[in-house]
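*Asks:* Structure incoming, see below.
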Amino acid sequence: MDNLFKVEKLIKKYKEGISIVHLQQELLDNNYDMTLLNELIDSYKVIEIADDKYIHIENTPYVVGKYVEKKYSSFVLVNNDSYNISNSDVCIDNDLVLINVTNKKSKTGEVIKILKREDLYIYGEVVMIKSNYFLDPESSKYKKLTISLDNNDNNLVVGSMVVVKIDGDVISDSYVGDVVSYIGLSSDPNIDILTEAWKLGVDNSFTDKAMEEVNNLPVMVRDIDKIGRCDLTDKQIFTIDGDDTKDIDDAISLEILPNGNYQLGVHITDVTYYIKEGSELDRLALKKGTSYYLADTVIPMYPKLFSNGIGSLNPNVERLALSCVMEINRQGTVVNYNIFESVIKSKIQMTYKKVNDILDNNIVAAGYEDFVSTLKDMYKLSLILNKQRILHGALEFGMPQQKIKLDEKGFPIDFEILSQGTGENLIEEFMLVANQTVAQALGEYDYPTMYRVHDVPAPEVVNYFIELINKLGIKYQRREQLDLQHEMQYLSSFVNSYGSKSGPFQYAFLRVLRKAYYSTDNIGHFGLAYKDYVHFTSPIRRYPDDTVHRSIRKYLLNKDKNFDLEEVAKDYEILEEKAHLCSVNEKKSDKCELVINTMKAAEYMERHIGEHFMARVLSVDNKGLSIQLQNLIDGRIKINDLDVPYRFDQDSMSLQSLTSDDCFCYGDLIDVYVVDASKKDKTISFKVSSIIEKNTLARKSFKSKSDKSCYNKVYRKEKK
């Protein structure tokens with residue numbers, strides 16, 4: 033029997049409790065360490081019931097539990113039991129409390145003492161009461177607290193939305209809050225987006241220390257910055273981006289060599305020359321992992337003063353870059369390359385729209401005249417590179433993307449479908465080949481770096497997908513002569529060949545593939561059909577690119593140096609930790625985008641209740657239908673919300689009526705109308721009005737398996 037148990041047993045003997053003086057004597061008499069008492073107190077097995085008097089909790093009507101506050105209820109959770117509390121107004125969600133059980137049968141009680149309170153981070157609006165600043169918490173959970181703020185904080189403005197830290201070591205109903213983040217003003221059009229992002233762990237503000245570091249950076253390239261760099265300022269280098277782009281990561285150049293090969297230059301802003309590893313800016317960038325693009329709002333990885341200033345490849349000013357210059361033959365193979373530090377001066381900031389006008393329609397905008405020939409050569413090279421990737425088995429998805437258009441008040445007025453044009457494809461091919469070339473260069477010497485990897489799909493998942501599309505009328509036979517890479521490529525093209533009806537199957541195909549992630553273990557990139565791949569081209573908005581730049585500077589540009597093996601091993605260890613964090617942050621970014629898009633879609637539909645929309649059935653299961661409107665707004669229709677009883681049929685992957693021969697299948701085009709929508713709850717309720725276009729392939733497939741109709745097949749099962 034260990035001493036802790038013995039001390040606990042000793043205290044249990046005293047049914048009415050024991051004074052600290054008496055207890056200390058008992059412990060001394062038995063040669064027990066006084067720290068054992070502290071252990072029992074910390075675990076709440078022994079509690080203080082009066083000044084200097086302790087009792088074992090089993091000798092009391094008390095229990096210890098966690099206070100939980102939900103939207104419409106509150107209770108104390110003790111193990112698996114819930115207790116209703118009469119005085120819950122004294123508690124905050126997640127408090128550890130001591131309660132007196134007043135009725136064991138009905139599980140009711142009252143809070144005797146708050147034992148522990150976590151540090152609280154409370155979001156709310158700054159208000160002024162009698163010339164003093166206070167926080168009005170957004171969540172009703174915290175409105176029972178009085179939170180005053182520092183009147184001397186010059187950043188505070190009435191109407192500011194801020195995050196306040198409350199010290200949990202002090203248990204009270206009144207606090208002086210410490211403002212840790214300034215989100216925006218309650219009147220800002222995008223405050224709802226910034227608020228949701230903060231709730232998901234994304235902070236749009238920067239610390240004072242980070243801003244001090246930014247303010248200490250140069251605003252232009254100095255002579256000292258150019259030492260040891262290749263001067264490319266006389267080269268025809270330019271950028272192509274969206275109309276509103278302010279933070280420009282990449283610039284490109286192209287020359288035709290005497291041997292007929294292409295010399296492609298991809299010049300990337302040299303972020304890590306300015307942002308030192310371990311600095312406050314670097315720490316915050318790693319914490320975010322990426323810039324967040326949420327509707328019309330950007331939460332940047334670096335402050336805009338840097339990312340739109342010295343860190344951006346703006347036109348007609350000198351900028352520092354890391355250049356990857358590649359010689360590419362007419363078959364699209366990189367036959368030679370050089371990666372080096374450079375100084376560039378972009379000659380023009382082009383837009384995709386105007387580049388597409390040149391390449392698609394031969395319409396040349398003013399100021400673009402001197403670049404037409406180069407752009408056309410670039411276009412030819414991009415086609416060659418794309419053909420080479422396809423030959424190697426790269427997967428082409430071509431999934432539509434949604435852009436939410438907001439008015440000046442932040443209200444969603446349209447959901448546009450973005451298409452990738454010729455200029456966008458050109459830049460994508462150039463960035464892909466640069467990323468691959470840098471990865472091969474680092475991998476050749478086995479230098480520590482962070483790869484972008486994508487594992488092969490699980491065979492059983494591929495088999496399930498093929499079974500699924502066969503059930504749904506898309507007859508596909510395995511191509512035994514193809515390896516997995518090329519079979520998946522063929523399968524993707526096969527599904528895409530069904531045009532407007534292929535959408536549901538494209539989404540199902542994406543679920544077959546694993547998610548790409550970051551790692552120091554180079555297993556290749558299945559989707560791109562690359563053995564080596566890194567992210568090198570977007571250091572302003574992606575932290576993994578910064579780590580690759582640092583690997584280039586430390587290792588690749590110092591190939592003649594003998595590196596200490598322990599240092600190399602340590603770099604691998606640090607990079608793997610960062611790779612894991614970057615992968616986690618990428619998932620967070622995806623979740624943020626989904627939550628914001630869902631919220632804005634619900635807000636949009638609040639003004640369209642009762643209106644009809646066309647939707648495609650993306651999937652069918654035993655809970656109902658997943659649908660997508662033509663503007664890419666997603667929704668669910670529960671099986672119980674259909675007009676008549678339906679049952680899910682596993683064999684045909686369809687919902688089949690129990691009272692007629694009606695059924696819903698993958699790919700059906702249906703007319704739906706909005707029943708209800710809530711921005712606050714991020715929900716939209718649809719109902720089906722009619723089927724506009726039936727997926728005849730699926731219906732032929734499952735009807736051919738039986739002479740019985742959907743109605744007979746299901747109804748007879750139900751009658752048994």
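Numbering-wise (this note's numbering), the sequence shown opens with residue 33 and increments by one. Here a beta-carbon is modelled for each residue, glycine too, at the ideal position from N, C-alpha and C.
#1: Apart from the five residues just before and just after residue 71, which ones in its own chain have a Cβ nearer than 7 Å to its Cβ?
#2: Taking buried to mean at least 16 other C-beta atoms within 10 Å of its own C-beta, is residue 252 buried or exposed?
#3: Note down the Cα distance separating residue 333 from residue 258, rounded to an integer number of angstroms.
#4: What number of angstroms, rounded off, separates the C-alpha of residue 469 from the C-alpha of residue 516?
#5: Is DSSP giving residue 750 helix, strand or coil here?
#6: Since residue 284 and residue 273 should fall inside the 8 Å C-beta cutoff, what is the C-beta to C-beta distance between them, to a whole number of angstroms?
#7: If you reduce the DSSP assignment to three classes, tell me which class residue 431 lands in.
#8: Is the beta carbon of residue 382 sitting closer than 8 Å to the one on residue 271?
#9: Going straight from the alpha carbon of residue 448 to that of residue 597, what length do you get?
#10: State whether the stretch 357-374 contacts the stretch 409-425, with contact taken as three or more CB pairs (one from each stretch) at a distance under 8 Å.
#11: Using a threshold of 8 Å, state whether the C-beta atoms of residue 139 and residue 114 are closer than that.
#12: Using only alpha-carbon positions, find the residue among 406, 344, 446 and 276 that is nearest to residue 663.
#13: With DSSP run on the structure shown, which of helix, strand or coil describes residue 581?
#14: If you count every other CB in all the chains shown that lies within 10 Å of the CB of residue 603, and 16 or more means buried, which is it?
#15: Measuring straight from C-alpha to C-alpha, what distance separates residue 473 and residue 109?
#16: Note down the Cα distance separating residue 571 from residue 623, rounded to an integer number of angstroms.
#17: In the DSSP assignment, the beta strand (DSSP E) including residue 141 goes from what residue to what residue?
#18: If we count the other Cβ atoms within 10 Å of its Cβ and call it buried at 16 or more, is residue 202 buried or exposed?
#19: With a CB to CB cut of under 6 Å and the five nearest residues on each side skipped, what residues in its chain are close to residue 155?
#20: Round the Cβ separation of residue 569 and residue 298 to the nearest angstrom and send it over; I've been treating them as touching at under 8 Å.
#21: Could you compute how far the alpha carbon of residue 375 sits from the alpha carbon of residue 503?
#22: List the whole-angstrom C-beta distance separating residue 320 from residue 234, where the pair is believed to meet the contact cut-off of C-beta under 8 Å.
#23: Excluding sequence positions up to five away, which residues of its chain have a Cβ less than 6 Å from the Cβ of residue 236?
#24: When the Cα atoms are used, what is the spatial distance from residue 789 to residue 559?
#25: Look at residue 537 and residue 584 and say whether their C-beta atoms are less than 8 Å apart.
#26: Do the stretch 693-704 and the stretch 632-643 touch if we need at least three Cβ pairs shorter than 8 Å?
#27: When we look at the beta-carbon of residue 423 and count the other beta-carbons within 10 Å, is it buried (16 or more) or exposed?
#28: Which of helix, strand or coil does DSSP assign to residue 548?
#29: Evaluate contact between the stretch 721-729 and the stretch 653-663, counting only Cβ atoms and requiring at least three cross-stretch pairs below 8 Å.
#30: Measure from the alpha carbon of residue 146 to the alpha carbon of each residue in 133, 175, 111 and 98, then state which is nearest.
#31: In the DSSP assignment, find the unbroken beta strand (DSSP E) run with residue 492 in it and report its ends.
#32: Could you give the C-beta distance for residue 497 and residue 541, rounded to a whole number, given that I count them as a contact under 8 Å?
#33: Compute the distance between the beta-carbons of residue 152 and residue 198, then report whether it is under 8 Å.
#34: Quick check on residue 118: buried or exposed, where buried means 16 or more other Cβ atoms within 10 Å of its Cβ?
#35: How close, in whole Å, do the beta carbons of residue 288 and residue 392 come, if the pair is a contact with beta carbons under 8 Å?
*Replies:* On the basis of the data shown:
#1: 36
#2: exposed
#3: 26 Å
#4: 24 Å
#5: Residue confidence is low: residue 750 scores 41 on pLDDT, short of 50, so the model does not pin down where it sits. Its coordinate-derived value is still stated next. Looking at residue 750 - three-state DSSP - the assignment turns out to be helix.
#6: About 11 Å; that fails the 8 Å criterion.
#7: coil
#8: yes
#9: 53 Å
#10: yes
#11: yes
#12: 446
#13: helix
#14: buried
#15: 57 Å
#16: 22 Å
#17: 140-148
#18: exposed
#19: 170 and 195
#20: 7 Å
#21: 58 Å
#22: 7 Å
#23: 226 and 331
#24: Not covered by the structure: residue 789. The range shown for the chain is 33 to 752.
#25: no
#26: no
#27: exposed
#28: coil
#29: no
#30: 98
#31: No beta strand (DSSP E) holds residue 492; the alpha helix (DSSP H) holding it covers 491-503.
#32: 7 Å
#33: yes
#34: exposed
#35: That pair is no contact at about 23 Å.
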